[in-house]
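Asker: Structure below; questions to follow.
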Amino acid sequence: MQINVAPFENSFAAEINGLDIQRGINKRQFEIIHEAFLDYKVLIFRDQPLDDKAHQTFGMLFGELDGHINKSTRHKVLPSVQIFSNVKANGETTGVHPEKGTQVWHTDKSYTATPSLTTILRSPEIARVGGDTLFADMTRAYDKLSDDMKKTIEGLFAVHDWARSREKSNERAATPEEIKAAPPVEHPVVRTHPETGKKSLYIGNHSSHITNMDLATGEAILASLEKHATQSALIYRHKWQIDDVLMWDNRCTMHCVEPYDAAKEKRSVHRVVVKGDRPF
Ligand code: OGA
Ligand code: MN
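In the working numbering, the protein residues as written are 1 to 280.
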């Protein structure tokens with residue numbers, strides 16, 4: 001099979017064809033994927049009916065897999081695989097989207113000291129209506145800021161806080177045990193990509209406020225940056241097909257799931273998350 005990288009027109013995502021991830025990825029194929037990952041930030045592999053073990057093996061090519069704070073969504077046998085599903089064992093829907101925090105703009109695990117490098121999702125069940133995943137290109141968003149705004153945010157740090165993030169997305173409150181596992185951390189508002197050297201905005205729902213600035217002013221700056229970054233011209237909208245594998249670079253993108261009817265539509269994604277470096 002010939003590996004082929006097909007970027008989408010007027011967007012920053014690319015489809016990669018000619019791979020069978022279940023069978024395994026060789027060194028040359030990995031190098032092509034890695035280069036495309038840095039060039040396009042979001043990669044789509046269609047028709048990849050993986051099992052969870054192969055999904056995990058694929059993730060491990062990119063680095064150390066991360067754990068998941070919310071125990072209820074962990075895979076029973078492979079704890080580094082996480083399942084977000086609204087389908088019960090008997091096949092009926094639960095009526096609720098499993099993780100409300102995924103429905104607001106965020107970048108994965110930015111509430112930890114070493115947030116996710118990449119998240120790799122696969123889609124055994126997709127919603128017929130709604131449930132697209134949207135991505136924002138945060139390098140482009142930074143580049144398009146006015147010089148004044150670039151100056152205003154230069155050197156600023158934001159506090160990222162999982163418990164606060166859950167409040168903002170109307171999710172159940174964090175438990176004391178979870179708060180202990182994920183205390184607030186600070187990251188630069190403009191981060192430099194460790195592999196490409198490019199600057200990106202690093203914000204999203206997990207970012208709560210700005211260090212050494214009054215709460216309301218910091219919240220307003222973060223909200224205005226998010227509004228700028230998520231304007232429709234900067235978005236890639238992923239329309240799921242069954243057995244897509246989708247991976248993205250959390251260091252220079254944000255994402256969210258569009259609403260869908262969680263009583264009528266069945267939607268399940270399995271995910272593995274690769275740990276990244278401390279942002280700088
Ligand atoms: C995630 C996430 C998006 C989706 O897995 O990190 O935000 O489409 N999910 O379910
Ligand atoms: Mn996410």
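Idealized CB from N, CA, C, for every residue including glycine.
Counting only runs that start and end within the region 176 to 247, where is the beta strand (DSSP E) found for 3 or more residues in a row?
Answerer: As far as the region 176 to 247 is concerned, its whole beta strand (DSSP E) runs of at least 3 residues are 185 to 188, 190 to 192, 199 to 201, 207 to 210, 235 to 238.
Asker: So does Thr102 have its beta carbon nearer than 6 Å to some heavy atom of the ligand MN?
Answerer: Yes; taking the cut-off as 6 Å, the Cβ of Thr102 has a heavy atom of the ligand MN nearer than that.
Asker: Which residue or residues does DSSP assign as beta-bridge partners of Ala6?
Answerer: DSSP, once it has assigned bridges, lists Glu15 as partnering Ala6.
Asker: May I have all residues whose beta carbon comes closer than 6 Å to any heavy atom of the ligand OGA, sorted in chain order?
Answerer: Listed by chain position, these are Phe84, Thr102, Asp108, Thr119, Leu121, Thr133, His255, Val257, Val269, Arg271.
Asker: Is Gln82 helix, strand or coil when you go by DSSP?
Answerer: It is a strand residue.
Asker: Quick check on Ile32: does DSSP put it in helix, strand or coil?
Answerer: Here Ile32 sits in helix by DSSP.
Asker: Beta carbon of Gln22, beta carbon of Leu50: below 7 Å?
Answerer: Yes, the pair counts as a contact, with Cβ atoms nearer than the cut-off.
Asker: Bridge partners for Glu281 per DSSP, in chain order?
Answerer: The structure shown does not extend to residue 281, since the chain is modelled only from 1 through 280, so no value can be given for it.
Asker: According to DSSP, is Met1 part of a helix, a strand, or is it coil?
Answerer: If DSSP states are grouped into helix, strand and coil, Met1 belongs with coil.
Asker: Does the region 255 to 266 come into contact with the region 169 to 186, if we say contact requires no fewer than three beta-carbon pairs (one atom in each stretch) closer than 8 Å?
Answerer: No contact exists between the region 255 to 266 and the region 169 to 186.
Asker: Given a cut-off of 7 Å, decide if Gln56 and His68 are closer than it, judged by their beta-carbon atoms.
Answerer: Contact: no.
Asker: Among Ala136, Met149, Gly155, Ala223, which residue has its Cα nearest to the Cα of Ala233?
Answerer: With distances taken between Cα atoms, Ala233 lies closest to Ala136.
Asker: Got a sec? Which residues, its chain only, sit under 8 Å from Ser169 by beta carbon, not counting five neighbours each side?
Answerer: For Ser169, where only same-chain residues beyond five positions count, the Cβ hits under 8 Å are Lys100, Gly101, Gln103, Val104, Asn205.
Asker: Tell me the rounded alpha-carbon separation between Arg288 and Val96.
Answerer: The structure shown does not extend to residue 288, since the chain is modelled only from 1 to 280, so the question has no answer here.
Asker: Thinking Ser123 and Val269 are a contact (beta carbons under 8 Å), I'd like their distance in whole angstroms, please.
Answerer: Going by Cβ atoms, the distance from Ser123 to Val269 rounds to 5 Å, so yes, they are a contact pair.
Asker: Is it buried or exposed for Lys41, if we count other Cβ within 10 angstroms and need 16 for buried?
Answerer: Answer is buried; the Cβ neighbour count reaches 16.
Asker: Please report the distance separating the alpha-carbon of Phe8 from that of Glu15.
Answerer: Near 7 Å, if we compare the C-alpha coordinates of Glu15 and Phe8.
Asker: If we call anything under 7 Å between Cβ atoms a contact, is Arg271 one with Leu121?
Answerer: Cβ distance < 7 Å, so Arg271 and Leu121 count as in contact.
Asker: Starting from the C-beta of Thr93, find all residues in its chain whose C-beta is less than 8 Å away, skip the five residues before and the five after it, and write them out in chain order.
Answerer: Contacts found: Asn86, Val87, Ala262, Ala263, Lys264, Glu265, Lys266.
Asker: Nearest by alpha-carbon distance to Lys150: which of Ile221, His209, Ala182 is it?
Answerer: Answer by Cα proximity: Ile221.
Asker: Regarding Ser72 and the ligand SAH, is the C-beta to nearest heavy atom distance less than 6 Å?
Answerer: For the ligand SAH, the structure offers nothing, since it holds only the ligand OGA and the ligand MN.
Asker: With C-beta atoms as the reference, is Ile3 less than 7 Å away from Gly18?
Answerer: The answer is yes: Cβ separation under 7 Å.
Asker: So, helix, strand or coil for Ser146, using DSSP?
Answerer: Coil.
Asker: Count the other CB atoms, across all protein chains shown, that sit within 10 Å of the CB of Ala89; report buried if there are 16 or more and exposed otherwise.
Answerer: Exposed, since its Cβ has fewer than 16 Cβ neighbours within 10 Å.
Asker: Please work out which residues of its chain come closer than 6 Å, Cβ to Cβ, to Pro183, disregarding the five sequence neighbours upstream and downstream, and give them in chain order.
Answerer: Closer than 6 Å at Cβ, skipping near neighbours: no residue.
Asker: Just how far apart, CA to CA, sit Gly155 and Val129?
Answerer: Rounded to the nearest angstrom, the two C-alpha atoms are 42 Å apart.
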